[in-house]
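Please read the structure below before turning to the comments.
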Amino acid sequence: MIVDSMVEYVRRGRVDVALRYLREEEDPIIRAELLSEMLKLAERVEDYLTIKKELIETANSADEKKERALLLSIIGEALISAGEETEGVKFLKEATKTAQRVPTPLWRAEALTGVGINLTKAGFYEDAYDMFVKAFEALITAKENETRKAIPLASRIAESIVKSAEFVSDGHWAILFFRLAAEIYDFIDLRFPAASIRAKEKIVERAIDGDIACLRRLLAENQVDDAILLTRYLPLEYRPLGLLEVAFWLYSTDHPELAKPLFDEAHEILRRIKSEKGTINELEISSIAIDFAKLGKPELASKLADLLDREDLFSEVLSRVAVAHYLSGDEFLARAIAHTIPDESIKRKILQQIGGEAHVGYEQGLPVVSGREKR
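To get the numbering used here, take the position in the sequence shown, counting from 1, and add 30.
Structural data, given as structure tokens:
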């Protein structure tokens with residue numbers, strides 16, 4: 031709730047009010063994290079500079095090296111996210127040095143992990159992985175004398191590494207993150223989570239190989255979380271189709287709030303690929319567009335149809351869109367869409383099917399398929 035409140039104040043341009051409330055927060059880590067979120071949302075230059083100054087000053091409130099390392103890494107990640115990479119990198123470098131100088135092994139492991147998380151968020155996967163490895167080494171040292179404290183900390187660190195993998199866009203690095211987390215779980219004899227993480231590792235390996243068949247098996251077995259994980263690391267040429275298949279499954283199982291972002295991401299990737307390369311796999315896209323129309327989602331099928339250049343495929347998808355609208359009770363829109371079908375034989379067939387007459391011109395001015403001119 032406090033994050034939402036701070037963000038709302040920033041959006042309204044009332045940074046002064048947000049900072050006044052924020053200064054009441056005694057924990058410098060929480061304060062820095064909130065300031066970090068505020069910095070990323072600041073639109074006015076004066077607001078940005080005010081928040082930035084307040085954020086950087088949090089590092090001076092650290093009581094010891096562990097806390098200072100975490101604060102420096104939060105500042106560095108925030109600056110990089112805000113577009114100030116050069117300055118952000120300086121803070122991250124100082125954070126890594128500070129974390130490695132923490133004398134107590136347990137505290138050093140915590141500091142290294144916290145810095146590793148923020149390095150991951152900033153996109154420095156190799157440096158983050160190095161921090162996590164050093165954290166594991168510190169845990170091994172700590173376990174010799176402080177077993178009771180080291181074991182629960184090891185579990186938390188392994189969990190943090192797994193969560194950090196959510197920010198990793200490179201499948202090969204994600205595999206290394208998962209592998210290290212599994213090793214840490216093994217180190218403290220937690221076999222079940224170790225096995226679970228290794229299963230994720232195998233899924234990412236399948237993703238890198240472009241194994242769409244594996245994705246379909248996961249969906250058939252209702253393992254949607256694993257299916258989403260797989261789509262994240264598919265090669266670019268397979269990713270849109272994978273995202274669309276998962277989105278279709280989620281829509282068909284009545285989870286539109288989860289499906290929509292995946293569909294939108296797939297559509298954006300396809301649009302970008304077509305813009306850059308001039309072509310997409312229109313046969314596969316038209317096939318899944320038809321599936322969306324059959325599912326009762328003609329508006330989504332229309333968005334995909336808008337990407338098609340092949341007249342026969344475009345006509346076939348539009349015919350299914352028209353039928354879907356007709357079946358939902360919108361006969362006017364169904365006939366209007368049918369009249370825009372460029373293939374005359376398909377147009378006549380659909381108009382006869384939905385009760386329209388093939389010689390009637392379509393109603394003027396009706397937006398049929400967004401962003402596409404009538405053919």
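Here a beta-carbon is modelled for each residue, glycine too, at the ideal position from N, C-alpha and C.
If you compare alpha carbons, which of Ile320, Glu341 and Val47 is closest to Ala331?
-> The shortest Cα separation from Ala331 among Ile320, Glu341 and Val47 belongs to Ile320.
Smallest Cα separation from His202: which of Glu97, Ile60, Asp239 and Ser358?
-> Closest by alpha carbon: Asp239.
Are the beta-carbon atoms of Val353 and Ile318 separated by less than 8 Å?
-> With respect to Ile318, Val353 sits apart: the two C-beta atoms are not nearer than 8 Å.
Measuring CA to CA, which of Ala211, Leu122 and Asn175 is closest to Ser185?
-> Minimum Cα distance to Ser185 is reached at Ala211.
Helix, strand or coil for His369, going by three-state DSSP, please let me know.
-> Correct three-state label for His369: coil.
Do Leu85 and Ser103 have their CB atoms nearer than 8 Å?
-> In this structure, Leu85 lies away from Ser103, with their beta-carbon atoms at least 8 Å apart.
Pick from Ile110, Tyr155, Gly153 and Lys95 that is closest to Ala139, judged by C-alpha positions | Checking every option, the nearest Cα to that of Ala139 belongs to Lys95.
Going straight from the alpha carbon of Leu183 to that of Val192, what length do you get?
-> CA-to-CA, the gap between Leu183 and Val192 works out to about 14 Å.
Would you check if the distance between the CB atom of Arg44 and the CB atom of Leu52 is smaller than 8 Å?
-> Contact: no.
Does the separation of the CB atoms of Ile147 and Leu101 fall below 8 Å?
-> No Cβ-Cβ contact shorter than 8 Å links Ile147 with Leu101.
Alpha carbon to alpha carbon, how far is Ile376 from Val351?
-> Distance between the alpha carbons of Ile376 and Val351 is about 13 Å.
Nearest to Lys82 by CA position, among Ala99, Glu107 and Glu97, is which residue?
-> If we check each option's Cα against that of Lys82, Glu107 comes out closest.
Given Ala383 as reference, the closest of Ala364, Glu76, Ala172 and Ala229 once Cα atoms are compared = Sequence inspection shows Gln at residue 383; the Ala mentioned does not correspond to that position. Closest option to Gln383, Cα to Cα, is Ala364.
Cα separation between Thr150 and Ala188?
-> Straight-line Cα distance between these residues: approximately 14 Å.
What whole-angstrom Cβ distance do Arg301 and Leu337 have, given they're in contact under 8 Å?
-> About 7 Å separates the beta carbon of Arg301 from that of Leu337, a gap short enough to meet the 8 Å contact definition.
Look up Pro265 in the DSSP assignment and say whether it is helix, strand or coil.
-> Three-state result, Pro265: coil.
Should the stretch 270-288 be regarded as contacting the stretch 246-255, the criterion being three or more beta carbon pairs within less than 8 Å?
-> Touching, yes, given that three or more Cβ pairs across the two stretches are closer than 8 Å.
Coarse secondary structure for Asn311, derived from DSSP in three states = Asn311: coil per DSSP, three-state reduction.
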